[in-house]
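My numbering applies: residue 1 is where the sequence shown begins, and numbers increase by one.
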Amino acid sequence: MFKELYEEVQGIVYKCRNEYYLHLWDLSDWDQEGMICLHELMKVKNEDMIKNPMKK
């Protein structure tokens, strides 16, 4: 599930890669950071849904 979801947003990560230059980062570093960000967003969204189950 996570891999499929990351593939949907991977274009955003690659767009950032084209716009920002980080000297020692290669493509795998960008993917790793993108996955970390996605995981954090999913965690926050899940916590919010637990606290406010009726809120969409």
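We put the beta carbon where it would ideally sit given N, CA and C, even for glycine.
Please name the residue in the options whose C-alpha comes closest to that of residue i.
{"i": "D31", "options": "V44, K51 and V9", "result": "V9"}
{"i": "I12", "options": "E33, K43 and M42", "result": "E33"}
{"i": "E4", "options": "K45, L38 and P53", "result": "L38"}
Just reading off the alpha helix (DSSP H) that residue i is part of, what are its end residues?
{"i": "D26", "result": "Here D26 belongs to no alpha helix (DSSP H), and DSSP marks it neither H nor E."}
{"i": "N18", "result": "F2 to E19"}
According to the Cβ coordinates, are residue i and residue j closer than 8 Å?
{"i": "M49", "j": "Y6", "result": "no"}
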